[in-house]
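Structure first, then comments.
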Amino acid sequence: MPQAHLDGLTPAMRLPVWERLLGESPRRTEVLVAEVDGSVAGFAAFGPGRDDDVDPASVAEVSAIYLVPEVWGAGVGGRLMSAALDGLAAAGYEQAILWVVEGNSRARRFYERGGWRPDGAVQRDESDGFPLTEVRYRRSPHR
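Each residue of the sequence shown is one higher than the last, beginning at 1 in UniProt numbering.
Have a look at this one:
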């Protein structure tokens, strides 16, 4: 993903999406927030799978997991992902999926350490004016 694109992103650009997701009734997307020393350090969003080739009754999707760089490597992401997977298991999901940018080796290593594996699905998106290839990962939410 080009750095110029990343530099141009602002929270205000994402606000309408989050207002819609969090305002749904019943809400399909759950969000967990990680705090460190009283400050938000990251979040995870998850809900029923959205892909055409999965059954949303049995396959959930972790649609986002982000941390502030200051807590990378401190275990916050692992605890946040574990909490999300616990929520999916408690909700009765049999499988969980997520999409990751193909070239994001740091994220891919994180997911693979947590038992996620590529399931063979790949998608290419050019909607932002540049090609972006994503790989789908899958695992059971149960430990």
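Here a beta-carbon is modelled for each residue, glycine too, at the ideal position from N, C-alpha and C.
Beta-carbon separation of A44 and A96 under 7 Å?
-> Here residue 44 refers to the residue found at position 44 of the sequence shown. Here residue 96 refers to the residue found at position 96 of the sequence shown. Annotated as distal: A44 and A96, with beta-carbon spacing of 7 Å or more.
Three-way DSSP call (helix, strand, coil) for S140 in this model = By 1-based counting over the sequence shown, the position of residue 140 is 140. In this structure, S140 counts as coil in the three-state DSSP scheme.
Three-state class that DSSP yields for G8 in the structure shown | Counted from its first residue, the sequence shown places residue 8 at position 8. G8: helix per DSSP, three-state reduction.
Every unbroken beta strand (DSSP E) inside the segment 95-131 [3 residues or more] | Entirely contained in the segment 95-131, the beta strand (DSSP E) runs reaching 3 residues are, in chain order, 95-101, 117-125.
Can we say the segment 124-142 touches the segment 90-106, given the rule of at least three CB pairs closer than 8 Å?
-> yes
Pairwise C-alpha distance: D128 and L6 | Counting from one through the sequence shown, the residue named residue 6 turns up at place 6. Counting from one through the sequence shown, the residue named residue 128 turns up at place 128. Distance between the alpha carbons of L6 and D128: 11 Å.
Thinking C-beta only, is L9 closer than 7 Å to G42?
-> Residue numbering aside, residue 42 sits at position 42 when the sequence shown is read from its first letter. Residue numbering aside, residue 9 sits at position 9 when the sequence shown is read from its first letter. Cβ distance not < 7 Å, so G42 and L9 don't count as in contact.
For R141, which option in E35, L22, F46, V36 has the closest C-alpha, if you only look at C-alpha atoms?
-> In the sequence shown, the residue the question calls residue 141 occupies position 141. Correcting the residue identity first, residue 141 is Pro in this sequence and not Arg. Closest option to P141, Cα to Cα, is F46.
Counted within 10 angstroms of its Cβ, other Cβ atoms place Y66 as buried (16 or more) or exposed | In the sequence shown, the residue the question calls residue 66 occupies position 66. So Y66 counts as exposed.
Assign S39 to one of three DSSP states: helix, strand, or coil.
-> Reading the sequence shown from its first residue, position 39 is the one you call residue 39. Three-state result, S39: strand.
Does DSSP put E24 in a helix, in a strand, or in coil?
-> Position 24 of the sequence shown, counted from the first residue, corresponds to residue 24. Coil, per DSSP.
Alpha carbon to alpha carbon, how far is L22 from E30? Give it in angstroms, no decimals.
-> Indexing the sequence shown from 1 puts residue 30 at position 30. Indexing the sequence shown from 1 puts residue 22 at position 22. If you take the alpha carbons of E30 and L22, they lie about 8 Å apart.
Assigned exposure category for G78 - 16 Cβ within 10 Å defines buried = Here the question's residue 78 lines up with position 78 in the sequence shown. The residue is exposed, with fewer than 16 neighbouring Cβ atoms inside 10 Å.
Best match in L132, G115, R117 for proximity to Q123 [C-alpha to C-alpha] | Taking the sequence shown and counting its residues from 1, one reaches residue 123 at position 123. If we check each option's Cα against that of Q123, L132 comes out closest.
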